[in-house]
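Numbering (UniProt numbering), first residue to last: 1 to 542. Each residue gets a CB set at the ideal place from its N, CA and C atoms; glycine is no exception. Presented below is the structure to which this report refers.
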Amino acid sequence: MTFSEILDRVGSMGRFQFLHVAILGLPILNMANHNLLQIFTAATPVHHCRPPPNASAGPWVIPMGPNGKPERCLRFVHPSNASLPNDTQRSMEPCLDGWVYNSTKDSIVTEWNLVCNSNKLKEMAQSIFMAGILIGGLVLGDLSDRFGRRPILTCSYLLLAASGSGAAFSPTFPVYMVFRFLCGCGISGITLSTVILNVEWVPTRMRAIMSTALGYCYTVGQFILPGLAYAIPQWRWLQLTVSIPFFIFFLSSWWTPESIRWLVLTGKSSKALKILRRVAAFNGKKEEGERLSLEELKLNLQKEISLAKAKYTAADLFRIPMLRRMTFCLSLAWFATGFAYYSLAMGVEEFGVNLYILQIIFGGVDIPAKFITILSLSYLGRHTTQAAALLLAGGAILALTFVPLDLQTVRTVLAVFGKGCLSSSFSCLFLYTSELYPTVIRQTGMGVSNLWTRVGSMLSPLVKITGEVQPFIPNIIYGITALLGGSAALFLPETLNQPLPETIEDLENWSLRAKEPKQEPEVEKASQRIPLQPYGPDLGSS
Numbered sequence: 001m002t003f004s005e006i007l008d009r010v011g012s013m014g015r016f017q018f019l020h021v022a023i024l025g026l027p028i029l030n031m032a033n034h035n036l037l038q039i040f041t042a043a044t045p046v047h048h049c050r051p052p053p054n055a056s057a058g059p060w061v062i063p064m065g066p067n068g069k070p071e072r073c074l075r076f077v078h079p080s081n082a083s084l085p086n087d088t089q090r091s092m093e094p095c096l097d098g099w100v101y102n103s104t105k106d107s108i109v110t111e112w113n114l115v116c117n118s119n120k121l122k123e124m125a126q127s128i129f130m131a132g133i134l135i136g137g138l139v140l141g142d143l144s145d146r147f148g149r150r151p152i153l154t155c156s157y158l159l160l161a162a163s164g165s166g167a168a169f170s171p172t173f174p175v176y177m178v179f180r181f182l183c184g185c186g187i188s189g190i191t192l193s194t195v196i197l198n199v200e201w202v203p204t205r206m207r208a209i210m211s212t213a214l215g216y217c218y219t220v221g222q223f224i225l226p227g228l229a230y231a232i233p234q235w236r237w238l239q240l241t242v243s244i245p246f247f248i249f250f251l252s253s254w255w256t257p258e259s260i261r262w263l264v265l266t267g268k269s270s271k272a273l274k275i276l277r278r279v280a281a282f283n284g285k286k287e288e289g290e291r292l293s294l295e296e297l298k299l300n301l302q303k304e305i306s307l308a309k310a311k312y313t314a315a316d317l318f319r320i321p322m323l324r325r326m327t328f329c330l331s332l333a334w335f336a337t338g339f340a341y342y343s344l345a346m347g348v349e350e351f352g353v354n355l356y357i358l359q360i361i362f363g364g365v366d367i368p369a370k371f372i373t374i375l376s377l378s379y380l381g382r383h384t385t386q387a388a389a390l391l392l393a394g395g396a397i398l399a400l401t402f403v404p405l406d407l408q409t410v411r412t413v414l415a416v417f418g419k420g421c422l423s424s425s426f427s428c429l430f431l432y433t434s435e436l437y438p439t440v441i442r443q444t445g446m447g448v449s450n451l452w453t454r455v456g457s458m459l460s461p462l463v464k465i466t467g468e469v470q471p472f473i474p475n476i477i478y479g480i481t482a483l484l485g486g487s488a489a490l491f492l493p494e495t496l497n498q499p500l501p502e503t504i505e506d507l508e509n510w511s512l513r514a515k516e517p518k519q520e521p522e523v524e525k526a527s528q529r530i531p532l533q534p535y536g537p538d539l540g541s542s
């Protein structure tokens with residue numbers, strides 16, 4: 001008996017599961033607000049130099065740029081002084097007295113003057129937030145293995161609530177960046193624990209549906225953020241508004257049960273049995289729960305315990321040839337997806353369309369994208385879906401380079417299409433990666449792969465700075481990287497309708513079988529009548 005069969009005995013899709021997924025899904029609904037918050041809290045309004053104290057604003061103070069609009073970062077040194085030579089009159093200087101912003105909404109840009117020579121700090125703030133997600137994944141992932149999934153989830157809720165609220169009261173920009181870094185750490189801890197706890201408590205047949213449901217929670221959250229930003233024009237109040245709910249999630253997380261597998265693997269089987277009986281009673285199967293014994297639980301999970309004791313490290317991903325090739329291709333695909341995704345998701349204001357409407361469109365494209373991805377994964381396979389998503393996204397981003405800035409509709413359509421493709425890539429990668437790696441090293445493989453998408457999302461804002469050299473350079477870099485990621489996916493094997501490999505030997509057998517010459521039709525028909533199981537039973541609960 002596997003854990004999935006034990007779960008069926010206590011109720012695999014009862015009231016407990018629906019409440020459990022709802023409690024895990026609500027924070028994900030609000031997590032998009034933090035990930036994409038700087039679209040609104042770091043919006044850069046139209047601005048120009050503040051005139052000197054003894055001068056009034058006008059064309060005699062502020063020079064006009066080539067586009068007929070006031071220069072944003074320069075002013076005349078000697079405004080309207082006719083006694084000076086023309087060359088001296090037209091000499092310019094930086095904005096020594098600050099800037100005037102043509103907006104009724106404030107942001108970190110207007111408060112700390114993150115414009116002109118300081119505009120790089122705006123991108124740095126987003127990179128530091130992504131660095132927090134990267135470091136949080138490394139640190140909290142290890143702590144999760146030591147202390148359990150639920151304690152890390154609970155602490156991550158509190159960390160995000162406290163650091164998000166702290167960012168709202170930041171007196172200086174450096175303090176703000178420290179709190180945003182901690183917000184990133186909290187988000188990483190929430191993501192890691194939520195994925196594990198969601199997958200463990202639902203049956204194999206419902207796993208894809210429930211995982212997709214959590215993904216849609218994030219998508220719906222992208223619709224909430226523009227509404228909040230429109231209703232709350234002050235960035236500090238907006239920051240506080242999206243952070244306060246996590247204090248409530250911190251309290252509700254105490255109801256969330258610990259991972260049964262983790263309890264058994266760490267020698268806490270009696271506590272695991274107590275939780276299973278509580279779940280059975282909640283699902284109306286109290287008698288079934290009472291029949292479970294400690295010896296039966298240990299015996300039935302003996303196989304999973306023995307697999308967990310087989311220690312593999314990240315070094316094994318590069319030591320074994322087949323794992324090395326898979327890891328290289330997956331890492332490039334993950335890096336390209338995170339790198340290109342945040343170039344579009346965080347660049348909403350670059351397209352000259354209403355910020356709030358465009359963010360709703362950007363969020364809305366995820367709904368059909370995820371639906372098409374599910375169909376494509378089921379019929380075309382993982383290999384084709386992953387490669388197509390990244391190649392199409394790379395093509396769309398490169399196409400932006402050749403579309404003039406005044407064709408805003410065309411640029412917006414390309415950006416929305418590219419973002420939808422990258423959203424599909426994310427959905428595919430989570431499933432594809434978990435199916436490619438064997439059970440004994442799956443968590444390590446997922447961790448290394450996810451590390452690369454965090455590196456990509458961290459570097460993505462910094463690449464925008466290269467636009468100061470030539471405006472087309474960032475899109476060239478983003479597009480080519482996505483094309484490379486899609487090309488790497490072409491070298492990965494197909495996993496559609498394949499059982500999950502348990503050990504590295506299973507994976508090597510899979511590789512050998514794939515290289516064997518095709519059999520005669522009669523033999524193929526015979527093999528269909530007697531299904532071959534080269535990897536053992538399908539560990540859907542892995």
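For residue i, which of helix, strand or coil comes out of DSSP?
{"i": "VAL109", "result": "helix"}
{"i": "GLU502", "result": "coil"}
{"i": "MET92", "result": "strand"}
{"i": "LYS518", "result": "Residue placement at LYS518 is flagged as unreliable, the pLDDT there being 49, under the threshold of 50; a coordinate-derived value is accordingly withheld."}
{"i": "GLU5", "result": "helix"}
{"i": "residue 570", "result": "Residue numbering for the chain in the displayed model covers 1 to 542; residue 570 lies beyond these limits and cannot be assessed."}
{"i": "LEU532", "result": "Note on LEU532: pLDDT 29, under 50, position unreliable in the model; no value is reported."}
{"i": "VAL365", "result": "coil"}
{"i": "ALA82", "result": "With a pLDDT of 47 at ALA82, under the threshold of 50, the predicted position of this residue should be treated as unreliable, and no value is reported."}
{"i": "ASN509", "result": "helix"}
{"i": "VAL353", "result": "coil"}
{"i": "THR439", "result": "helix"}
{"i": "ALA43", "result": "coil"}
{"i": "LYS274", "result": "helix"}
{"i": "ILE232", "result": "coil"}
{"i": "ASN283", "result": "coil"}
Could you check where the alpha helix (DSSP H) with residue i kicks off and where it finishes?
{"i": "PHE76", "result": "Run containing PHE76: none in the alpha helix (DSSP H); it sits in the beta strand (DSSP E), 74-76."}
{"i": "SER487", "result": "473-489"}
{"i": "GLY420", "result": "408-436"}
{"i": "PRO245", "result": "245-252"}
{"i": "VAL139", "result": "120-147"}
{"i": "LYS286", "result": "286-291"}
{"i": "THR384", "result": "382-400"}
{"i": "THR453", "result": "442-463"}
{"i": "ASN198", "result": "173-200"}
{"i": "ASN35", "result": "15-35"}
{"i": "SER259", "result": "SER259 -> no alpha helix (DSSP H), and no H or E assigned at all."}
{"i": "GLY338", "result": "321-345"}
{"i": "PHE169", "result": "Looking at the DSSP string, PHE169 is not in any alpha helix (DSSP H), and its letter there is neither H nor E."}
Where does the unbroken beta strand (DSSP E) through residue i begin, and where does it stop?
{"i": "VAL100", "result": "99-101"}
{"i": "CYS49", "result": "47-49"}
Answer yes or no: do residue i and residue j have a C-beta to C-beta separation smaller than 8 Å?
{"i": "PRO233", "j": "THR104", "result": "yes"}
{"i": "ARG146", "j": "SER253", "result": "no"}
{"i": "ALA396", "j": "SER425", "result": "no"}
{"i": "ARG382", "j": "CYS428", "result": "yes"}
{"i": "GLY338", "j": "GLN222", "result": "no"}
{"i": "GLY289", "j": "VAL10", "result": "yes"}
{"i": "ILE133", "j": "ARG454", "result": "yes"}
{"i": "residue 575", "j": "ILE39", "result": "Here the chain has residues from 1 to 542 only, and residue 575 is not among them."}
{"i": "ALA162", "j": "LEU240", "result": "no"}
{"i": "LEU344", "j": "LYS419", "result": "yes"}
{"i": "SER434", "j": "MET446", "result": "yes"}
{"i": "ILE260", "j": "GLU350", "result": "no"}
{"i": "ALA43", "j": "LEU355", "result": "yes"}
Could you tell me which of the options sits nearest to residue i, measuring between CA atoms?
{"i": "PHE173", "options": "VAL220, ARG236, ILE196", "result": "ARG236"}
{"i": "LEU500", "options": "VAL175, TYR437, ALA314, GLY486", "result": "TYR437"}
{"i": "SER487", "options": "GLY394, ILE108, SER378, SER376", "result": "GLY394"}
{"i": "THR313", "options": "PRO245, ASN33, GLN443", "result": "GLN443"}
{"i": "ALA213", "options": "ILE367, LEU375, LEU299", "result": "ILE367"}
{"i": "SER460", "options": "LYS122, VAL21, VAL139", "result": "LYS122"}
{"i": "THR503", "options": "ILE476, LEU323, THR409", "result": "LEU323"}
{"i": "PHE129", "options": "LEU37, ARG75, ASP97, THR191", "result": "LEU37"}
{"i": "ASN102", "options": "ILE135, HIS48, SER343", "result": "HIS48"}
{"i": "LEU24", "options": "ALA340, TYR218, LYS286, VAL413", "result": "TYR218"}
{"i": "VAL353", "options": "ALA387, LEU407, THR401, GLU494", "result": "LEU407"}
Which residues does DSSP pair with residue i in a beta bridge?
{"i": "PRO70", "result": "MET64"}
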